[in-house]
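Q: Here you go, one structure.
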Amino acid sequence: MKSITMPKLSIPKSGGSFSARTGSYEVGNQGEGSFGVPLGIPNARGVKPSLHLSYNSGSGMEVFGLGFNLTLPHITRNLDYGVPNYDNDDTFTASELGELLEIKRETVGKTLVVSYMPSIESGFSKIKQLLATDHSSYWEITNHTGTVHIYGKDDNDKIIDPNAKQRILQWNISSSRDVKGNNILYHYKREDSVGVDKTLPSEKNRVVGANVYPASIEYGNWRETSTKEDSYTYKVVFDYGEYDLSHPESAPKKWTLDPILFLIIQLALEGAVTACVKTS
Numbered sequence: 572m573k574s575i576t577m578p579k580l581s582i583p584k585s586g587g588s589f590s591a592r593t594g595s596y597e598v599g600n601q602g603e604g605s606f607g608v609p610l611g612i613p614n615a616r617g618v619k620p621s622l623h624l625s626y627n628s629g630s631g632m633e634v635f636g637l638g639f640n641l642t643l644p645h646i647t648r649n650l651d652y653g654v655p656n657y658d659n660d661d662t663f664t665a666s667e668l669g670e671l672l673e674i675k676r677e678t679v680g681k682t683l684v685v686s687y688m689p690s691i692e693s694g695f696s697k698i699k700q701l702l703a704t705d706h707s708s709y710w711e712i713t714n715h716t717g718t719v720h721i722y723g724k725d726d727n728d729k730i731i732d733p734n735a736k737q738r739i740l741q742w743n744i745s746s747s748r749d750v751k752g753n754n755i756l757y758h759y760k761r762e763d764s765v766g767v768d769k770t771l772p773s774e775k776n777r778v779v780g781a782n783v784y785p786a787s788i789e790y791g792n793w794r795e796t797s798t799k800e801d802s803y804t805y806k807v808v809f810d811y812g813e814y815d816l817s818h819p820e821s822a823p824k825k826w827t828l829d830p831i832l833f834l835i836i837q838l839a840l841e842g843a844v845t846a847c848v849k850t851s
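In structure tokens form, the structure reads like this:
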């Protein structure tokens, strides 16, 4: 006859572990401190946008507060060599790849296609700028995995002179699509003059409507050809004071003005571009 062994009950023990949110703190050569925190958002079939909130103690007022910013991938005219001419002779810099060098121009139909490569090659991406006869343009970058990133597809995805739309300073990322059909869509909100006292000396000769801010990101498309808003599982929304946090599903209000105005000096559309936003 086999003996019966009673299971032993283990008594809970005290203790545990707590882990801090991942991030990295660095000190620059001028003594400024910087810190980056990845934002935890869910995956959709292994795909999600890469979002990091960064802090630099040497920075001034940014979109997300003093020293805090969240920068999405973009391509901008290079300002290291002076004010750009806003023509095809300008040089460009991609936030993910560095300075771009032109390697070829060709005309496809009525579109001028200009091919580029990074000044320091590492990822072997295929980079193209497509320019139409009306001076509108956008960028297409295909990386080594076959993922296609589109920059500045629509006017609302660009930092642009509202009085001369051919003067484009920056093309922000519009969409990403991998070889399996997973889409990520990026939406932006253009700044306006709501709540701005235009009689202030600081508002004289100001170009309003040039800058844009991240509004939302959609990903996790239900079907390969999904383009409509209701065809995506996840939506990241940036709140600049328009949403009621107790009822986030309600229609957004008009955003309000931050009492601390700040300028993005380097943008060279008018010497400075206003960024009058309240982050509540």
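Under my numbering, the first residue of the sequence shown is numbered 572, with each subsequent residue one higher. Even glycine gets a Cβ: it sits at the ideal position worked out from N, Cα and C.
#1: Identify whether Glu774 lies in helix, strand or coil by the three-state DSSP scheme.
#2: Apply the 10 Å Cβ neighbour rule to Asp658 and answer buried if 16 or more other Cβ atoms are within range, or exposed otherwise.
#3: Grab me the residues of Ser666's own chain with a C-beta within less than 6 angstroms of its C-beta, minus the 5 sequence neighbours each way, in chain order.
#4: Between the stretch 813-822 and the stretch 774-787, do at least 3 Cβ pairs fall closer than 8 angstroms?
#5: Look up Arg761 in the DSSP assignment and give the residues it is bridged to.
#6: Counting pairs of Cβ atoms below 8 angstroms between the stretch 687-699 and the stretch 727-746, do you hit three or more?
#7: Among the candidates Thr682, Asp660, Asn640 and Ile575, whose CA atom is the shortest distance from the CA of Ile674?
#8: Looking only at its chain, what residues have a beta carbon closer than 7 angstroms to the beta carbon of Ser787, apart from the 5 residues adjacent to it on each side?
#9: Let me check understanding here. Comparing Cα to Cα, which of Leu672, Thr704 and Thr678 lies closest to Leu698?
#10: Verify whether the separation of the beta carbon atoms of Val608 and Asp749 is less than 8 angstroms.
#11: Quick test of your reading: Asn754 and Ser746, contact by CB under 8 angstroms. State the CB separation rounded to the nearest angstrom.
#12: How long is the line joining the alpha carbons of His720 and Asp768, rounded to whole angstroms?
#13: Among Arg676, Thr647 and Lys681, whose alpha-carbon lies nearest the alpha-carbon of Thr662?
#14: Quickly, what does DSSP pair Arg616 with across the bridge? List them, please.
A: Put simply:
#1: helix
#2: The residue in question, Asp658, is exposed, as its Cβ has fewer than 16 Cβ neighbours within 10 Å.
#3: Pro644 and His645
#4: no
#5: Val783
#6: no
#7: Asp660
#8: His758, Lys806, Val807, Val808 and Phe809
#9: Checking the displayed sequence, the identity of residue 698 turns out to be Ile instead of Leu. Ranking Leu672, Thr704 and Thr678 by CA distance to the CA of Ile698 puts Leu672 first.
#10: no
#11: 6 angstroms
#12: 39 angstroms
#13: Thr647
#14: In the DSSP output, where bridge partners are listed per residue, Arg616 has none listed.
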